[in-house]
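Asks: Let me give you the structure first, and then I'll get to my questions.
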Amino acid sequence: MESKINYITYAQGLTYEPQSLYLEPGQAGRISVELKALGTKRILVMAKATYLTNRNVMDFTGKLEEEGFRVFTYNFKMNYSSSRDIKDAAAEYRSLNCDTIVVLGGGEEIFCAKMVSAVAINNMKDPAEAEGYGKIKKDISVLCCVGMDNSAAISSNIAEFRDENTGRWVTVISDYLVPQIAVIDTNIAMRTVTQVSLSSAFDSLAMGFECCLSPAVNYNPAYKACALNAISLVTDNLLAVKANPDDGFLRKKIAVAGIYAGMAVRMTGLGYSHLTTHQLKTMFGPEHGKYYCRILQRFLRESFDYAKPRLAMIYDSLVKNEVRPGHAVMKDSPEPLYSVDESAAALLDMMDRLYEAAVPGDAPLPKIPAKEVRSLCDTIKSQAAEYGLLRFDESLITRILESL
């Protein structure tokens, strides 16, 4: 199938989408100055009901009201990004004549808020109209995302949601989906349970890997640097966060990894493991999104000869000049002493050890019914063409699906 979007061409013509970042504890309350500069008057705050009763969140929304903004709230009805919440929240946004959305939540809530902002401005009756790349024609209204997990959604140009009419998970990619303001305030985000924090960190880790593996990063070293920063922040700090979940500084570093991963994926787009995970969400529900990193490992092991030069590059960049936990590199050596094959294999082994140490006793990957494998493979192939992936190995995808 002929590709509709070529990410090499896309990368060559890319312009950086800037964001304002607030990354220190207590800084969420400082967004008022910027919101006023952007013309904000009426804000729809989107969050789970349990978040809105938290003292720090109440202080945050109270600060917005003290600054003269009219503040309204929308409580998510679903525990995942859903067309139902998108439509209902967009209707409230319009009826209340709001001009800004502030969302407090993880990746699913941020995805939903992105689509609410896009649907409201573009007058879409059905959010599924935006499926694919570049279907959103007008820039979103002011969107501020206060991250409650370590997802890349806070800075990426991607949104995903479940279409309640069909049961499918829909992916939307648009330069307009980059939020203008991103906030990592651990005073608020500390409410996130440790397991959610760890699972979302693996999503950011997997995105960082896929970005480094994309040929598109060759056209912009800054995006490659973002991907490598995401990988190093997760690998350096993940086990420490598990051991010290109340350490706000560690939490912040993992959350910032999500911002880096989101910035990197703006250029490189989606990889095959993301598309596969996306299809698992359609079959098994949103919780299976946490298997992103595991599925990526299957792809990398199955296509080791193709991927090993870039895997070795990632590993060598991680271990240069220092020894990291779990890495079998000679101490005090100024350069890694492994061959390309050894470095690439060591990186995959490190991913295994990290996952097993951080998520012990995790549920096994879901087994795909044999009768569904062919259909899933065809869908992934179609989406790969839609999003411009340059290389497709149907037999490899089939083997991985059959092994899950």
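Once you know that position 172 of the sequence shown is 167 in the numbering used here, the rest is easy, because the numbers rise by one and skip nothing. Where a beta carbon is used, it is the ideal one built from N, C-alpha and C, also for glycine.
1. Any chance you could list the alpha helix (DSSP H) runs of at least 4 consecutive residues sitting entirely within the region 199 to 262, in chain order?
2. Using the three-state DSSP reduction, which class does Glu351 fall into: helix, strand or coil?
3. Ignoring anything shorter than 3 residues, give me the beta strand (DSSP E) runs that lie fully in the region 17 to 42, in order along the chain.
4. The alpha helix (DSSP H) with Ile290 in it runs from where to where?
5. If we ignore side chains and look at the alpha-carbon of each, how far apart do Lys133 and Phe244 end up?
6. Should the region 99 to 111 be regarded as contacting the region 134 to 145, the criterion being three or more beta carbon pairs within less than 8 Å?
7. Restricting to Cα atoms, I'd like to know which of Gly203, Lys58, Lys43 and Ser76 is closest to Ser268.
8. In angstroms, rounded to a whole number, what distance separates the CA positions of Ser112 and Asp198?
9. In whole angstroms, what is the alpha-carbon distance linking Glu351 and Met345?
10. For Leu396, which residues of its own chain have a beta-carbon under 7 Å away from its beta-carbon, when the five flanking residues on both sides are left out?
11. Got a sec? Which residues, its chain only, sit under 6 Å from Glu62 by beta carbon, not counting five neighbours each side?
12. Taking three-plus beta-carbon pairs below 8 Å as touching, is the region 116 to 134 in contact with the region 223 to 243?
13. For Pro331, count neighbouring C-beta atoms within 10 Å of its own C-beta (all shown protein chains included) and say buried if the count is 16 or more, exposed if not.
14. Among residues of its own chain, excluding the 5 on either side of Asn51, which ones have a beta-carbon nearer than 7 Å to its beta-carbon?
15. Taking 7 Å as the cut-off, decide whether the C-beta atoms of Gly24 and Phe64 are in contact.
16. Unbroken beta strand (DSSP E) runs of length 3 or more, entirely within the region 120 to 171: which are they?
17. Taking the alpha carbon of Val167 as the reference point, which residue from Val178, Ser151 and Asn160 has its own alpha carbon closest?
18. Please report how far the alpha carbon of Asn213 lies from the alpha carbon of Tyr255, in whole angstroms.
19. Please classify Gly101: does DSSP put it in a helix, a strand, or coil?
20. Look up Ser15 in the DSSP assignment and give the residues it is bridged to.
21. What residues are listed by DSSP as bridge partners for Val66?
22. Given a cut-off of 7 Å on the beta-carbon distance, is the pair Leu342 and Tyr310 in contact?
23. Would you check if the region 158 to 166 and the region 207 to 227 touch, i.e. whether three or more CB-CB distances between them fall below 8 Å?
24. Assuming Ile135 and Leu172 are in contact, meaning their beta carbons sit under 8 Å apart, how far apart are those beta carbons, in whole angstroms?
25. What does the Cβ neighbour count give for Gly34, buried or exposed, with the cut at 16 atoms within 10 Å?
26. Can you give the Cα-Cα distance for Val236 and Ile153, rounded to whole angstroms?
27. Between Asp336 and the rest of its own chain, which residues show a CB-CB distance below 7 Å, the 5 nearest in sequence each way excluded?
28. With distances taken from CA atoms, which of Ser78, Val314 and Val114 is nearest Tyr88?
29. State buried or exposed for Glu103, treating a residue as buried only when at least 16 other CB atoms are found within 10 Å of its CB.
30. State the Cα-Cα distance for the pair Gln274 and Gln378, rounded to the nearest angstrom.
31. Return yes when the Cβ of Leu265 is within less than 7 Å of the Cβ of Ile375, no when it is not.
32. Looking only at its chain, what residues have a beta carbon closer than 7 Å to the beta carbon of Pro472, apart from the 5 residues adjacent to it on each side?
33. For Lys422 and Ile38, what's the separation of their Cα atoms in angstroms?
34. From what residue to what residue does the alpha helix (DSSP H) around Ile375 run?
35. So what does Asp77 bridge to, in DSSP terms?
36. Between which two residues does the alpha helix (DSSP H) harbouring Phe71 extend?
Replies: From the atom records:
1. If we require 4 residues or more, the alpha helix (DSSP H) runs fully inside the region 199 to 262 come out as 216 to 238.
2. Correct three-state label for Glu351: helix.
3. Qualifying beta strand (DSSP E) stretches, in chain order: 37 to 42.
4. Tyr287 to Glu297 is the extent of the alpha helix (DSSP H) around Ile290.
5. Here the C-alpha atom of Lys133 lies approximately 37 Å from the C-alpha atom of Phe244.
6. Yes: at least three Cβ pairs fall under 8 Å.
7. Closest by alpha carbon: Gly203.
8. When only Cα atoms are considered, Ser112 and Asp198 end up about 24 Å apart.
9. When only Cα atoms are considered, Glu351 and Met345 end up about 10 Å apart.
10. Only Ile363, Val368, Leu371 and Cys372 meet the Cβ criterion.
11. Taken in chain order, the residues that qualify are Ser27.
12. Using a C-beta cut-off of 8 Å, the region 116 to 134 makes no contact with the region 223 to 243, since fewer than three inter-stretch Cβ pairs fall below that distance.
13. Annotation note: pLDDT 48 at Pro331 (below 50); position unreliable, coordinate value reported separately. Only buried fits Pro331, as 16 or more other CB atoms lie within 10 angstroms of its CB.
14. Closer than 7 Å at the Cβ level, and outside the excluded window around Asn51, lie Asn182 and Ile183.
15. No, the Cβ-Cβ distance between Gly24 and Phe64 is not below 7 Å.
16. Counting whole runs of 3 or more residues, the region 120 to 171 contains the beta strand (DSSP E) stretches 137 to 142, 153 to 157 and 164 to 168.
17. Ranking the options by Cα distance to Val167, first place goes to Ser151.
18. Using only the alpha carbons, I get a separation of about 17 Å.
19. Coil, per DSSP.
20. Paired residue(s): Ile176.
21. Paired residues: Ile38.
22. Contact annotation: Leu342 and Tyr310 have beta-carbon atoms nearer than 7 Å.
23. The region 207 to 227 makes no contact with the region 158 to 166; the number of CB pairs closer than 8 Å stays below 3.
24. Indeed they touch by this definition, with Cβ atoms about 7 Å apart.
25. Per the 10 Å Cβ criterion, exposed.
26. Looking at the two C-alpha atoms, the distance is approximately 27 Å.
27. Beyond the five residues adjoining it in sequence on each side, Asp336 comes within less than 7 Å, by CB distance, of Lys303 in the same chain, given in chain order.
28. With distances taken between Cα atoms, Tyr88 lies closest to Val114.
29. Burial check for Glu103: the Cβ neighbour count within 10 Å reaches 16 or more, so the residue is buried.
30. Distance between the alpha carbons of Gln274 and Gln378 is about 10 Å.
31. The Cβ atoms of Ile375 and Leu265 lie no closer than 7 Å to each other.
32. For the chain, the structure presents residues -4 to 399; residue 472 sits outside this window and is missing.
33. The requested residue 422 is not part of the displayed model; the chain covers only -4 to 399.
34. Unbroken alpha helix (DSSP H) run through Ile375: Ala365 to Glu381.
35. Inspection of the sequence shows that residue 77 is occupied by Ser rather than by Asp. Beta-bridge partners of Ser77 (DSSP): Arg157.
36. Per DSSP, Phe71 lies in no alpha helix (DSSP H) segment and is marked neither H nor E.
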